[in-house]
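Encoded as structure tokens, the structure appears first; notes follow it.
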Amino acid sequence: MNLLIVNPNISESVTDLIHAEAKRTASPDTRITMATAPFGVAYI
């Protein structure tokens, strides 16, 4: 399975936290791709 997770804010640290949680809960064969908004607010 491929999973694309888009963080709608510009915070790389939040993206990292989301990525860590996704890896923890996803199946071992899941491919996780992360994206962070290139502009906008730091936190929503």
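For what it's worth, numbering that gives the first Met the number 0 labels the leading residue of the sequence shown as 0, then goes sequentially. The C-beta atom is built at its ideal place from N, Cα and C for all residues, glycine as well. What you are looking at is a predicted structure, and each value in this text was computed from that prediction instead of being measured.
- Taking the C-beta atoms as reference points, T32 is found no nearer than 8 angstroms to E11.
- Excluding the 5 residues flanking it on each side, Y42 has same chain C-beta neighbours closer than 8 angstroms at N8, S10, V13, in chain order.
- For I17, the enclosing alpha helix (DSSP H) has its first and last residue at 11 to 24.
- The three-state reading of DSSP puts V40 in coil, since its state is none of H, G, I, E or B.
- In the same chain as T29, and ignoring 5 residues on each side of it, the C-beta atoms closer than 6 angstroms to its own belong to M0, L2, in chain order.
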